[in-house]
Amino acid sequence: MARHPETPQEIANKAIISKHLNALLLARGTTQAKVSDVTHIPRSTLTGYFKGTTTPSATNASKLAAFFGVSRDQIDPRYGKPASAGVVDLADDSSPILYQGKPLSPREMLLIRHTLDQARRSSAFK
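Every letter in the sequence shown is one number past the one before it in my numbering, and letter 81, counting from 1, is 920.
Structural data, given as structure tokens:
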């Protein structure tokens, strides 16, 4: 029996998971091979996650989250709170924000918040 066509949400989830995993891999300075060795997820399976062609099972999402030291929903949006899926509040200091695959420092976050506050107070943005 043929698999049903993918929904737009399934396609989006694959892209989000791929983006998150590649950013975490870069930030951690490691390789897919190392991830595979530690998590015991086959390299071919990981390749699908990193390329955005497949999504991880709940078990594999948990293994990846443990490896990278993040919560499972920071890898796979299917495990997050529906109301906040894909949304990050810059005012929340506990939300890691990446730029070019590297986490922003507290000083960079402060600069961004300050710039946004000034822009919102400016009459040009009203």
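The C-beta atom is built at its ideal place from N, Cα and C for all residues, glycine as well.
Remember, predicted model here, so these are calculated numbers, not experimental data.
If you count every other CB in all the chains shown that lies within 10 Å of the CB of residue i, and 16 or more means buried, which is it?
{"i": "A924", "result": "Here A924 scores only 48 on pLDDT, less than 50, and its place in the model should not be relied on; the value that follows carries that caveat. So A924 counts as exposed."}
{"i": "K902", "result": "buried"}
{"i": "H996", "result": "Past the boundaries of the shown model lies residue 996; the chain is included only from 840 to 965, so the question cannot be answered."}
{"i": "A930", "result": "exposed"}
{"i": "V874", "result": "buried"}
{"i": "L864", "result": "buried"}
{"i": "R842", "result": "exposed"}
{"i": "L950", "result": "exposed"}
Rounded to whole angstroms, what's the CA-CA distance from residue i to residue j? Just pull it up for me.
{"i": "T870", "j": "R952", "result": "33 Å"}
{"i": "D912", "j": "P945", "result": "22 Å"}
{"i": "V877", "j": "A862", "result": "18 Å"}
{"i": "I855", "j": "R960", "result": "33 Å"}
{"i": "T954", "j": "Y938", "result": "16 Å"}
{"i": "V909", "j": "G868", "result": "15 Å"}
Which residues share a DSSP beta bridge with residue i?
{"i": "L844", "result": "Before going further, note that residue 844 is Pro rather than Leu in the sequence given. Looking at the DSSP assignment, P844 forms no beta bridge with any residue, so it has no partner."}
{"i": "Y938", "result": "K941"}
Between which two residues does the alpha helix (DSSP H) harbouring residue i extend?
{"i": "Y888", "result": "882–890"}
{"i": "A930", "result": "Where A930 is concerned, there is no enclosing alpha helix (DSSP H), given that its DSSP letter is neither H nor E."}
{"i": "V877", "result": "871–878"}
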